[in-house]
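Okay, so here's the structure we're looking at.
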């Protein structure tokens with residue numbers, strides 16, 4: 001832990017302990033999600049152990065640390081050892097400081113970090129992560145659930161991962177390799193000059209009544225006035241600027257399906273920033289918006 005942060009830990013000790021258990025649980029799931037574990041992935045468990053030297057004699061780590069130490073001592077993590085650690089983590093998880101959504105988001109961050117721990121992301125790992133997401137759908141609309149779900153769908157549409165897609169996945173997933181509590185995600189999910197992928201929610205559920213909508217990009221079917229009329233008719237409201245009050249940002253379908261950063265600019269960037277700060281909003285492709293309109297008619 002960085003020396004500058006030590007003075008603050010006394011205020012968050014139990015919360016840090018709970019978060020660490022959630023992170024270990026996700027890390028174990030992530031590094032073994034493809035059914036195999038290599039030396040680089042085991043290194044992440046050693047990093048977790050090193051980071052918790054100071055609390056290894058405090059509950060719950062007086063129970064957890066010895067089990068992890070024993071599991072990695074021979075340089076191999078067997079299926080039984082993996083299941084023992086997961087079983088113990090599940091029983092040591094607390095809901096006193098974090099609700100289920102927050103705890104499982106901490107777990108998701110570690111799952112993704114574990115997947116990229118060895119610097120390679122395979123199709124098997126993506127399919128395993130997709131299954132994990134399906135089992136935790138209560139995290140929808142929370143950063144980074146939708147972005148990860150959309151990335152997986154985009155990459156696996158042709159049932160293979162090419163070099164460019166692999167680099168994109170590594171860049172995004174590497175934001176979650178932090179095991180230490182004080183590390184934070186500082187980069188957006190895309191870089192200026194590249195294309196935007198993995199932003200739109202997959203199979204989103206849209207509620208119009210009382211919801212605030214914002215549109216960006218050009219529509220292939222309607223003018224902005226027409227879109228506003230549709231939303232108003234279904235009980236929603238349209239605004240021109242992004243804020244924490246917006247529930248849905250609709251991205252127009254006109255042009256390349258992988259939207260150029262320069263074309264969509266500030267609204268998408270603002271939406272991503274809001275989601276990363278905890279705002280529960282959905283970024284939706286125009287085609288899904290039209291499907292939602294049809295469902296409400």
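In UniProt numbering, the protein residues as written are 1 to 297.
The C-beta atom is built at its ideal place from N, Cα and C for all residues, glycine as well.
Distance CB(residue i)-CB(residue j) smaller than 9 Å
{"i": "residue 276", "j": "residue 249", "result": "no"}
{"i": "residue 129", "j": "residue 157", "result": "no"}
{"i": "residue 108", "j": "residue 148", "result": "yes"}
{"i": "residue 287", "j": "residue 253", "result": "yes"}
{"i": "residue 133", "j": "residue 155", "result": "no"}
{"i": "residue 71", "j": "residue 84", "result": "yes"}
{"i": "residue 244", "j": "residue 272", "result": "no"}
{"i": "residue 246", "j": "residue 227", "result": "no"}
{"i": "residue 292", "j": "residue 205", "result": "yes"}
{"i": "residue 235", "j": "residue 269", "result": "no"}
{"i": "residue 239", "j": "residue 203", "result": "no"}
Helix, strand or coil at residue i according to DSSP, with G and I counted as helix
{"i": "residue 205", "result": "coil"}
{"i": "residue 220", "result": "coil"}
{"i": "residue 227", "result": "helix"}
{"i": "residue 214", "result": "strand"}
{"i": "residue 295", "result": "helix"}
{"i": "residue 172", "result": "helix"}
{"i": "residue 283", "result": "strand"}
{"i": "residue 86", "result": "helix"}
{"i": "residue 151", "result": "helix"}
{"i": "residue 77", "result": "coil"}
{"i": "residue 245", "result": "coil"}
{"i": "residue 36", "result": "coil"}
{"i": "residue 118", "result": "coil"}
{"i": "residue 270", "result": "helix"}
{"i": "residue 161", "result": "coil"}
{"i": "residue 140", "result": "coil"}
{"i": "residue 16", "result": "helix"}
{"i": "residue 24", "result": "helix"}
{"i": "residue 167", "result": "helix"}
{"i": "residue 199", "result": "coil"}
{"i": "residue 57", "result": "coil"}
{"i": "residue 91", "result": "helix"}
Integer-rounded CB distance, given that residue j should sit under 8 Å from residue i
{"i": "residue 114", "j": "residue 172", "result": "So it is not a contact: roughly 15 Å between Cβ atoms."}
{"i": "residue 40", "j": "residue 117", "result": "6 Å"}
{"i": "residue 60", "j": "residue 17", "result": "7 Å"}
{"i": "residue 170", "j": "residue 121", "result": "6 Å"}
{"i": "residue 201", "j": "residue 282", "result": "5 Å"}
{"i": "residue 52", "j": "residue 20", "result": "6 Å"}
Residue i: first and last residue of the uninterrupted beta strand (DSSP E) it sits in
{"i": "residue 249", "result": "248 to 251"}
{"i": "residue 239", "result": "237 to 239"}
Where the alpha helix (DSSP H) containing residue i begins and where it ends
{"i": "residue 111", "result": "100 to 115"}
{"i": "residue 234", "result": "No alpha helix (DSSP H) contains residue 234, which DSSP labels as neither H nor E."}
{"i": "residue 49", "result": "39 to 51"}
{"i": "residue 309", "result": "The question about residue 309 has no answer, for the chain in this structure spans 1 to 297."}
{"i": "residue 278", "result": "No alpha helix (DSSP H) contains residue 278, which DSSP labels as neither H nor E."}
{"i": "residue 132", "result": "123 to 134"}
9 Å Cβ cutoff, residue i in contact with chain B
{"i": "residue 77", "result": "In the structure shown, chain B cannot be found, because there is only a single protein chain."}
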